[in-house]
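Heads up: the sequence shown runs through residues 12 to 324, numbered per the numbering used here.
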Amino acid sequence: MPETIELTSPSGTVKIRPDQKLSLFTTFRIGGPAQFMARVTDESQAEAALEWAEQMDLPVTSIGGGSNLLVDDAGIQGLVLAVRTTGKDAETRVRVEEDDHQVRIWVPAQMPISRLGHLSAERGWTGLVWCAGLPGVVGGAVVNNAGAHGGEMIDQLETIDVIRLADRKIESWPAEKLNAAYRYTVLKHAPRPRDVVVLGATFVLPRGDAEELVKQAKEFSAWRKQAQPTGACAGSVFTNPDGSYAGYLIDKAGLKGTTVGGVKISELHGNFMVNSGEATAEDVRQMIALIQDEVYRQFEVRLVPEIEQVGGK
Ligand SMILES: Cc1cc2nc3c(=O)[nH]c(=O)nc-3n(C[C@H](O)[C@H](O)[C@H](O)COP(=O)(O)OP(=O)(O)OC[C@H]3O[C@@H](n4cnc5c(N)ncnc54)[C@H](O)[C@@H]3O)c2cc1C
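Below, the structure written as structure tokens:
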């Protein structure tokens, strides 16, 4: 097996590791190997890794918390760039500008969004409390325009910082450029390999009552624990169709508890599939097709996956 390659960058060594099991980097615990994988924490490390990938003529796939991904059993060819660190490290990188009415915060892409929700509540900043309890990190959440409890990333987003793969230049994009809608952005729907890696995001947050916000954040976290399964999963598999809920339709179709190979539709929430330990990406794809066919047969509604399939030979 080829050995780990070490690159130098102004902020430290970047390790490019061959043949890394991606099941360890996705909340579904599914996925074959990354041909190469690098974890980066800032723009200089991203630049070093991207320059190496260009020299090696390898495509680049960015991942965050891996909580909205179905990685193929064959893994991902090229370089998988994981923009992630410990939550504690990410928090030390947050930059804050405050005045009497509002706060402008710059948050690194690797900041866990749940921590962002709790942190903003503790500081008395409104607009992001819905993030409390959500898996994933800011980079992935921005790409997916994640949302819950009536809020979405785009609501408070002012700009994102990206590094372009073509020339490794840093750009600041106004939020409007994402053309965000329900679980949609132009970045999420761009063909792979994609042109940019998200490095950070700036949010503008009005001031609110910290005590009330902390209470709300705790309620949101607690709600997730009782309404959603705790096993290996990737959250909601399908987006909600207009005027209904995917979980409701799957439940009404009598599909809760159905298994295909190692994957099972949660008894607790019809839109969640849980990996019993041995599930493959192929099991999940078959389950997606089974659900789509049955829900269409019974209700004439075509469910659209929210999770992203990535990788393959
Ligand atoms: C139990 C559970 C509950 C969930 N509940 C919700 C919910 O209520 N609402 C909701 O919206 N989602 C939910 N999700 C899905 C998921 O948590 C969110 O969509 C989350 O924001 C994805 O973030 P991530 O870091 O895991 O992204 P990933 O899954 O790693 O990646 C998502 C997308 O972003 C891209 N990407 C990631 N990082 C970068 C980067 N730095 N630069 C460029 N592209 C990047 C990836 O290529 C991919 O296209 C849930 C998931 C789980 C497991």
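C-beta atoms are modelled at their ideal positions from N, C-alpha and C, and glycine is treated no differently.
Legend entry - Residue of Ala-64, Ala-221, Lys-226, Leu-127 minimising C-alpha distance to Ala-212: Proximity to Ala-212 across Ala-64, Ala-221, Lys-226, Leu-127 peaks at Leu-127, based on C-alpha coordinates.
Inset, instruction - Compute the minimum distance between the beta carbon of Ser-73 and the heavy atoms of ligand 1, and state whether it is under 7 Å. - result: At least one heavy atom of ligand 1 is nearer than 7 Å to the Cβ of Ser-73, so yes.
Inset, instruction - Leaving aside the five residues before and after Pro-316 along the sequence, list all residues of the same chain whose C-beta is less than 7 Å from its C-beta, in chain order. - result: Taken in chain order, the residues that qualify are Val-248, Phe-249, Ile-299.
Legend entry - Of the residues Leu-69, Ala-85, Trp-63, the one placed nearest Ala-292, counting alpha carbons only: Taking each of Leu-69, Ala-85, Trp-63 in turn and checking the Cα distance to Ala-292, the smallest one comes out for Ala-85.
Inset, instruction - Find out if the Cβ-Cβ distance for the pair Val-82, Ile-41 is shorter than 8 Å. - result: In terms of Cβ geometry, Val-82 and Ile-41 form a close pair [threshold 8 Å].
Legend entry - Segment contact, 8 Å Cβ cut-off, at least three pairs: the segment 173 to 190 with the segment 141 to 150: Too few Cβ pairs lie closer than 8 Å, so no.
Legend entry - Any non-hydrogen atom of ligand 1 within 7 Å of Val-225 CB: Ligand 1 has no heavy atom closer than 7 Å to the beta-carbon of Val-225.
Inset, instruction - Using only alpha-carbon positions, find the residue among Pro-29, Arg-313, Arg-106, Asn-156 that is nearest to Ile-87. - result: The alpha carbon of Ile-87 has as its nearest neighbour, out of Pro-29, Arg-313, Arg-106, Asn-156, the alpha carbon of Pro-29.
Legend entry - Span of the beta strand (DSSP E) around Asn-286: Start and end: 284 to 286.
Legend entry - Beta-bridge pairing of Lys-275 - partner residues as DSSP gives them: DSSP lists Thr-270, Val-285 as partners of Lys-275.
Legend entry - CA-to-CA distance, Ser-22 to Ala-60, given in whole angstroms: Near 13 Å, if we compare the C-alpha coordinates of Ser-22 and Ala-60.
Legend entry - Check: Arg-296 C-beta below 7 Å from any heavy atom of ligand 1: No - ligand 1 has no heavy atom lying nearer than 7 Å to the Cβ of Arg-296.
Legend entry - Enclosing beta strand (DSSP E) for Val-94 [first to last residue]: Looking at the DSSP string, the run of the beta strand (DSSP E) that includes Val-94 is 87 to 94.
Inset, instruction - Could you pull the start and end residues of the beta strand (DSSP E) that Trp-136 belongs to? - result: No beta strand (DSSP E) holds Trp-136; DSSP gives it neither H nor E.
Inset, instruction - Could you say which of Lys-263, Ala-228, Arg-95, Gly-89 lies nearest to Ala-120 if we only look at CA atoms? - result: The shortest CA-to-CA distance from Ala-120 to any of Lys-263, Ala-228, Arg-95, Gly-89 is the one to Arg-95.
Legend entry - Asp-294, enclosing alpha helix (DSSP H) - first and last residue: Its alpha helix (DSSP H) spans residues 292 to 310.
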